[in-house]
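These protein sequence lines are chains A and B, in that order.
Each residue of the first sequence is one higher than the one before, counting from 383 in our numbering.
Each residue of the second sequence is one higher than the one before, counting from 752 in our numbering.
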Amino acid sequence: MAHGAVYLLGAYLGYALCVKLNIYFPIAAALATAIVATLMLLIDNIAFRPLRTKKAPGWAFIIISIGIATLLEACVTMVFSSDVRSLTKGPIQPGYEFLGAIITRNQLIILIAAVSIMVLLTFFLNTTKIGKAMRGTADNPEMAIVVGIPVDKVYRVTFFFGSALAAIAGILVSLDTDIDPNIGNPALLKGIVASILGGIGNISGAFWGGFLLAMIENFAVWIIPGGWKDGISLVVLILFIMIRPSLFGIEIEK
Amino acid sequence: MDLIYHLLTMSGIYVILTLSLNLTVGYAGLFNLGQGAFFGIGAYTAALLSIKLGFPFLIEIPTTALVTGLLGMIIGVPALRLSGDYLALATFGLGVIVYTILNNWISFTGGPMGIPGIPRPTIFTLSFNSSASYMLLVTVFALLIIVFMNRLTRSAFGRVLLAIREDETATLAIGKNTSKFKILAFLVCAFIAGIAGSLYAHYISFVDPSSFTTAESFLIFSMVVFGGMESIPGSILGATTLILFPESLRLLGIPTFYAAQIRKMLYGLLLVIIILKRPQGLWGKYPF
Chain A
383 MAHGAVYLLG
393 AYLGYALCVK
403 LNIYFPIAAA
413 LATAIVATLM
423 LLIDNIAFRP
433 LRTKKAPGWA
443 FIIISIGIAT
453 LLEACVTMVF
463 SSDVRSLTKG
473 PIQPGYEFLG
483 AIITRNQLII
493 LIAAVSIMVL
503 LTFFLNTTKI
513 GKAMRGTADN
523 PEMAIVVGIP
533 VDKVYRVTFF
543 FGSALAAIAG
553 ILVSLDTDID
563 PNIGNPALLK
573 GIVASILGGI
583 GNISGAFWGG
593 FLLAMIENFA
603 VWIIPGGWKD
613 GISLVVLILF
623 IMIRPSLFGI
633 EIEK
Chain B
752 MDLIYHLLTM
762 SGIYVILTLS
772 LNLTVGYAGL
782 FNLGQGAFFG
792 IGAYTAALLS
802 IKLGFPFLIE
812 IPTTALVTGL
822 LGMIIGVPAL
832 RLSGDYLALA
842 TFGLGVIVYT
852 ILNNWISFTG
862 GPMGIPGIPR
872 PTIFTLSFNS
882 SASYMLLVTV
892 FALLIIVFMN
902 RLTRSAFGRV
912 LLAIREDETA
922 TLAIGKNTSK
932 FKILAFLVCA
942 FIAGIAGSLY
952 AHYISFVDPS
962 SFTTAESFLI
972 FSMVVFGGME
982 SIPGSILGAT
992 TLILFPESLR
1002 LLGIPTFYAA
1012 QIRKMLYGLL
1022 LVIIILKRPQ
1032 GLWGKYPF
């Protein structure tokens, strides 16, 4: 649940490195991702790991995530103030035409990054040793311990990469739109909805879930006013949880 | 002095909200992250009833509670097919949906502008215009609800809720209709939240969607956890601490912008510390 704040942190750190310190964008992005992921690993060590060893119930994780998210958000607001920031400078560049639609260079970068991350992640989870260990742990933590998977290490690696991905998402979004300290929560909401839509524990499912959600939201705006957008995604979520808990993925327990 | 009255009034309202949420979360073990939505429905119902229909306070407050309770029940029925984290997600989604409706159904709810000019209540000839008298009114309501919750949680109903939390299948096996009890828990929770909403609307005399966001639900949920699950003194303590503690910073004279952020930071830190060091809350008995 602290993912929204990680996304926010990523966006702002990317902005700070790129604009304030004038570092070339790809390098700044990589640096910001690394810093954010390391910071989250540290937070995991302090906050989440003791809970895991105590086998705490789900609500404890929810509350502590809310605490951490509030903390991070307040820190970002303190440092960068609550003004809207923008990464892109200079005049707007003309976009490319594609099947009658116009797509800007930055949007193309985001699309390519999303697809390549999906492919890489699928490859990582299906073929590498640590990827397989992750899937095993998610499936059955006790069994994973029995067969000798270092479960705690797996959780930490997962946390590290998960945070890195959220940070990348934040940086990519800052390429296309302006950022302000309130972007975290809506993003978290969409992330949760999309991953449930696609089926938890399924990378390509998450991709299609996100894709489907974006389609539903933006086509719905054709018919009903744009203010209802957030509500729509949640109606979709509730309908899906109740009717068909997973669309593309493994069936989840209700 | 007015600040003290204000803080006590707000504490009273949040004590009511926390107590009612504790019934679903602490006693019945249903993770409801939509309390802010019930609170909002209550406040808007109260505002609309007293402005558009001119209901007097004594009739308006039970009507509001009933409407909120019934809406809570209607919402509760489908949500209760889910359990654990998924129920939390569904109720969280519900909070966002209610916020979106309040924000966009302009002809009915006034949209982002909200509904101004809600009068302070009058009971017979007594009017509650001063902040001191309103504080007393809220305190009376809070006390009544504390007594009510105290009785309710010790009754057969309360014991069934505890049994559902511990083992739903076993409760079914001894012949209790667990779905009915869960829905009733939702109804009572929303009913009481409706009362709190009404008290809030009459106090602030203005309602707008931004007071009933998901952050509000999280805040009330944190109050329950902070004070302690399954504990009435815990809820009272949790609500008052989380209202009063951040406000005390205001007295230190830090610039407003920083004070607001420091307040959020402290609130976040407090949650992290309580979960790590004292998971049963200040006065609870539901450790892990």
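Cβ atoms here follow ideal geometry from the backbone N, Cα and C, with glycine treated the same way.
Endpoints, alpha helix (DSSP H) assigned at residue i
{"i": "Ala520/A", "result": "Lys511 to Asp521"}
{"i": "Asp753/B", "result": "Asp753 to Asn773"}
{"i": "Asn901/B", "result": "Ser882 to Arg905"}
{"i": "Pro432/A", "result": "Arg431 to Thr435"}
{"i": "Thr964/B", "result": "Thr964/B -> no alpha helix (DSSP H), and no H or E assigned at all."}
{"i": "Ala952/B", "result": "Thr929 to Ile955"}
{"i": "Tyr397/A", "result": "His385 to Tyr397"}
{"i": "Leu923/B", "result": "Glu919 to Ala924"}
{"i": "Phe407/A", "result": "Phe407 to Ile425"}
Beta-bridge pairing of residue i - partner residues as DSSP gives them
{"i": "Val975/B", "result": "According to DSSP, which records beta bridges pairwise, Val975/B is partnered with nothing at all."}
{"i": "Thr873/B", "result": "Ser878/B"}
{"i": "Arg467/A", "result": "Ile561/A"}
{"i": "Phe443/A", "result": "None; Phe443/A has no bridge partner."}
Closer than 8 Å to chain B by CB, residue i
{"i": "Leu590/A", "result": "A small correction: the amino acid at residue 590/A is Trp; Leu does not occupy that position in the sequence shown. Answer no: the Cβ-Cβ gap between Trp590/A and chain B never drops below 8 Å."}
{"i": "Met422/A", "result": "no"}
{"i": "Trp604/A", "result": "no"}
{"i": "Leu616/A", "result": "yes"}
{"i": "Ile632/A", "result": "Note that Ile632/A scores 47 on pLDDT, short of 50, meaning its location in the model is unreliable and no value can be drawn from it."}
{"i": "Ile444/A", "result": "yes"}
{"i": "Ala429/A", "result": "yes"}
{"i": "Leu703/A", "result": "A question about residue 703/A goes unanswered here, because the residues of chain A that appear run from 383 up to 636."}
{"i": "Glu455/A", "result": "yes"}
{"i": "Ala438/A", "result": "yes"}
{"i": "Asp521/A", "result": "no"}
{"i": "Ile574/A", "result": "yes"}
{"i": "Lys636/A", "result": "Its pLDDT being 37, under 50, Lys636/A is placed unreliably in this model, and the coordinates cannot settle the point."}
{"i": "Ile620/A", "result": "yes"}
{"i": "Ile448/A", "result": "yes"}
{"i": "Asp612/A", "result": "yes"}
{"i": "Leu579/A", "result": "no"}
{"i": "Thr452/A", "result": "yes"}
{"i": "Thr415/A", "result": "no"}
{"i": "Thr459/A", "result": "yes"}
{"i": "Pro532/A", "result": "no"}
{"i": "Leu391/A", "result": "no"}
{"i": "Ser571/A", "result": "Note that residue 571/A corresponds to Leu in the displayed sequence, not to Ser. Leu571/A counts as touching chain B."}
Min CB distance residue i to chain A below 8 Å
{"i": "Asn855/B", "result": "yes"}
{"i": "Leu895/B", "result": "no"}
{"i": "Val958/B", "result": "no"}
{"i": "Thr992/B", "result": "no"}
{"i": "Leu1022/B", "result": "yes"}
{"i": "Met1016/B", "result": "yes"}
{"i": "Ile1026/B", "result": "yes"}
{"i": "Ala1040/B", "result": "Nothing in the structure corresponds to residue 1040/B, since chain B is present only between 752 and 1039."}
{"i": "Asp918/B", "result": "no"}
{"i": "Ser973/B", "result": "yes"}
{"i": "Thr775/B", "result": "no"}
{"i": "Ile852/B", "result": "yes"}
{"i": "Asp836/B", "result": "yes"}
{"i": "Gly844/B", "result": "yes"}
{"i": "Gln1012/B", "result": "yes"}
{"i": "Phe789/B", "result": "no"}
{"i": "Lys823/B", "result": "Note that residue 823/B is Gly in the sequence shown here, rather than Lys. No, its Cβ sits nowhere closer than 8 Å to a Cβ of chain A."}
{"i": "Ile848/B", "result": "yes"}
{"i": "Gly1019/B", "result": "yes"}
{"i": "Phe782/B", "result": "yes"}
{"i": "Pro1030/B", "result": "yes"}
{"i": "Phe969/B", "result": "yes"}
First through last residue of the beta strand (DSSP E) which encompasses residue i
{"i": "Ala483/A", "result": "Ala483 to Ile485"}
Nearest-angstrom beta carbon gap, residue j and residue i [assumed within contact, 8 Å]
{"i": "Asp426/A", "j": "Phe541/A", "result": "5 Å"}
{"i": "Ile450/A", "j": "Ser973/B", "result": "With a Cβ gap of about 13 Å, Ile450/A and Ser973/B do not count as contacting."}
{"i": "Ala941/B", "j": "Leu822/B", "result": "7 Å"}
{"i": "Leu993/B", "j": "Phe969/B", "result": "Between Phe969/B and Leu993/B the Cβ distance is about 11 Å, and since that is not below 8 Å, they are no contact."}
Heavy atom of the ligand FMN within 7 Å of residue i beta-carbon
{"i": "Tyr537/A", "result": "Only the bare structure without any ligand can be found here, which leaves the ligand FMN out of the picture."}
Counting only runs that start and end within the segment 530-608 of chain A, where is the alpha helix (DSSP H) found for 4 or more residues in a row? 533-558, 566-580 and 585-605
**Item:** Entirely enclosed alpha helix (DSSP H) segments - the segment 971-1036 of chain B, minimum 4 residues
**Value:** 983-999 and 1007-1028
* Which residue spans inside the segment 787-869 of chain B form an unbroken alpha helix (DSSP H) run of at least 4? -> Here the runs fully enclosed are 808-830, 835-855 and 857-860.
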